[in-house]
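Taking it in order: structure first as structure tokens, then the write-up.
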Amino acid sequence: MNIWLITVGEPLPTDDDNSRLYRTGILAKMLNRKGHKVTWWTSNVNHVTKRQRYLDDKTIHLHDNYQIKLIHSVNYRKNVSLSRIFNHYFTARKFSKMVLDELEPDIILCSLPTLSLSMKAVKYGKKRGIPVVLDIRDLWPDIFLNIFPGWAEMGMKFILSPAFKMAYTACKDATAIMGITSAFVEWGQMLGDRQHTDIDRDFPLAYSEKIPSQDLICKAREFWEEKGINNKNGEFIACFFGTMGRQFDLEPVIKVAKTFQSVNKNIKLVLCGSGDNLKYYKDLASDCSNIIFPGWVQAHHIWTLMKLSSVGLAPYYSSNDFMKSYPNKSIEYLSAGLPIVSSLKGLLQELLESNSCGITYENGNAEQLAEILTRLYEEPETLKKMSENALSLYRERFVAEKVYSDMIDHLELICSEYNKGGE
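Just so we're aligned, residue 32 is where the sequence shown starts under this note's numbering, counting upward by one.
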């Protein structure tokens, strides 16, 4: 099977020796190992560092039958910006020209977002009789309506009408709809005004627990030791990993840290990541010694910190898109057996409650968050049981090698059935 994967925004295996691959990166690797020919189309802009990887378009040959095609376009400095919209537009425009010189694939798996790339991919496949599967990762453009007050919704829908048209066309004309949850699949079906079929399926975001080398683990332990992070004295460590932007509310977390500092509780909060709001949060916590901002950290730092931690924090705003999903950070915590302390309602709250592996607090409620962390700190047996449940849930439902193996089987089925229908 010759397959094209179209996804921007994910780390590439060439970005760093210790890059942690996400959904498309893991899938590409597994497809290639199974003997399929893989071409991954992506942006030249590194979404984490906001820098161009190369000076022009670039094709990287990783292995036999596995190549990555990077499309050079305008750079952007912020996730929510006009320059990012321009990047998506020009990347898709260039993609539609570059594919004319390529051998046609047997099947295309395209992530939504981006809208423009999804529409171009579906248009290309429809014209050439190639099955195109949309993998819905985020509810674009619906999520942009959440940024504005309710009274502005009609006006924003009008302004965003070109984006809604692209989303409608992509979902309507795709061969199949996939998504990270069944709610995401249903959203794509509704948006594209299409009926459910047997080839429309959800596959959750999954995590591959890659254990770092002993050398990297030692370096990571030294890194955290220098920042005063260890659990030698029975420290209770709550960790967080993420982009500090619009989706997370860290103000209650910082309020809790200040409360704990005033009563000398042996609890530390480690908030890892970068983003538009990092400076604001650091300033807010400037007088707080039990909260640490290490910045963006690598995979071996993440793995080691999770082993040192007692719980993982998921302080999401309860926006419509996140309420319909299991965010990747939550799956990462489960893989380390970390109970999750979350502010996200919806599917994640139901998952944590039904499997007794986490607790949900009300958005913005610092007092409730403090009570939860205090309870887990003072009840080690409760914490231990939750930890066991978290690891059990991960192994049952979110192991990448199992989830994405099933996803590959399904793509093979679609490709086979589509080719039979064309005979």
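From the three backbone atoms N, C-alpha and C, an ideal C-beta is built for every residue, glycine too.
Because the structure is a prediction, the values reported are computed rather than measured.
Quick test of your reading: residue i and residue j, contact by CB under 8 Å. State the CB separation rounded to the nearest angstrom.
i: Ser373; j: Leu383; result: 6 Å
i: Leu165; j: Leu143; result: 5 Å
i: Ile102; j: Asp88; result: 6 Å
i: Thr80; j: Thr55; result: Not a contact, Cβ separation roughly 18 Å.
i: Gly377; j: Lys355; result: 6 Å
i: Met417; j: Pro370; result: 4 Å
i: Tyr455; j: Thr212; result: Past the edges of the chain, shown from 32 to 454, lies residue 455, and the structure says nothing about it.
i: Arg51; j: Pro42; result: 6 Å
i: Ile445; j: Ile230; result: 5 Å
i: Leu339; j: Asn450; result: Leu339 to Asn450, Cβ: 51 Å. No contact.
i: Asn308; j: Tyr348; result: Wrong, their Cβ atoms sit about 12 Å apart, outside the cutoff.
Residues in the same chain with beta-carbon distance under 7 Å from residue i, minus the five sequence neighbours each way, listed in chain order, please.
i: Ile248; result: His331 and Thr335
i: Glu454; result: The pLDDT assigned to Glu454 is 43, lower than 50, so where the model puts this residue is not dependable; a value taken from the coordinates is nonetheless given after this. Correct list: empty, nothing qualifies.
i: Asp132; result: none
i: Ala288; result: Leu300, Ala316, Cys319, Asn321 and Ile322
i: Val105; result: Ser114, Phe117, Asn118 and Phe121
i: Val434; result: Phe234, Pro235 and Ala237
i: Lys360; result: Phe272, Gly273 and Ala345
i: Phe267; result: Asn297, Ile298, Ser341 and Tyr408
i: Ala461; result: For the chain, the structure presents residues 32 to 454; residue 461 sits outside this window and is missing.
Go through its chain and collect everything with a Cβ distance to residue i's Cβ below 6 Å, but skip five positions before and after it.
i: Leu302; result: Phe271 and Phe324
i: Ala397; result: Pro283, Lys286 and Val287
i: Glu184; result: Leu176
i: Asp28; result: With the chain covering 32 to 454 only, the question about residue 28 has no answer from this structure.
i: Ser387; result: Asn420
Nearest by alpha-carbon distance to residue i: which of the options is it?
i: Ala316; options: Gln83, Leu176 and Leu300; result: Leu300
i: Asp437; options: Leu62, Leu36 and Met32; result: Leu62
i: Trp255; options: Val328, Val76 and Gly273; result: Val328
i: Lys128; options: Ile333, Arg168, Ala152 and Leu442; result: Ala152
i: Trp72; options: Leu146, Asn96, Trp35 and Met187; result: Trp35
i: Ala123; options: Thr145, Pro136, Asp46 and Arg159; result: Thr145
i: Glu457; options: Cys141, Val111, Gly160 and Met150; result: The chain is shown only over 32 to 454; residue 457 falls outside these bounds and no answer can be derived.
i: Lys415; options: Gln380, Leu281 and Ala367; result: Ala367
i: Met209; options: Lys125, Ser244 and Asp169; result: Asp169
i: Cys202; options: Asn394, Pro172 and Gly186; result: Pro172
i: Phe126; options: Tyr155, Val111 and Ser112; result: Tyr155
i: Ala251; options: Phe279, Ile333 and Gly181; result: Ile333
By the 10 Å Cβ neighbour count, where 16 or more other Cβ atoms means buried, how is residue i classified, buried or exposed?
i: His94; result: exposed
i: Arg82; result: exposed
i: Arg232; result: buried
i: Asp440; result: exposed
i: Gln220; result: buried
i: Glu257; result: exposed
i: Arg130; result: The sequence given here has Val at residue 130, not Arg. With 16 or more other Cβ atoms within 10 Å, it is buried.
i: Asn75; result: buried
i: Leu281; result: buried
i: Gly259; result: exposed
i: Gly343; result: buried
Tell me residue i's beta-bridge partners as DSSP assigns them.
i: Val164; result: Leu140 and Ala207
i: Gln98; result: Thr70 and His92
i: Phe272; result: Cys303
i: Ile322; result: Leu300
Just to confirm my understanding: we take residue i, look at its own chain, exclude 5 residues before and 5 after, and list those with CB closer than 8 Å. What are they?
i: Arg108; result: Lys81 and Ser114
i: Gln226; result: Gln220
i: Ile174; result: Ser350, Asn351 and Asp352
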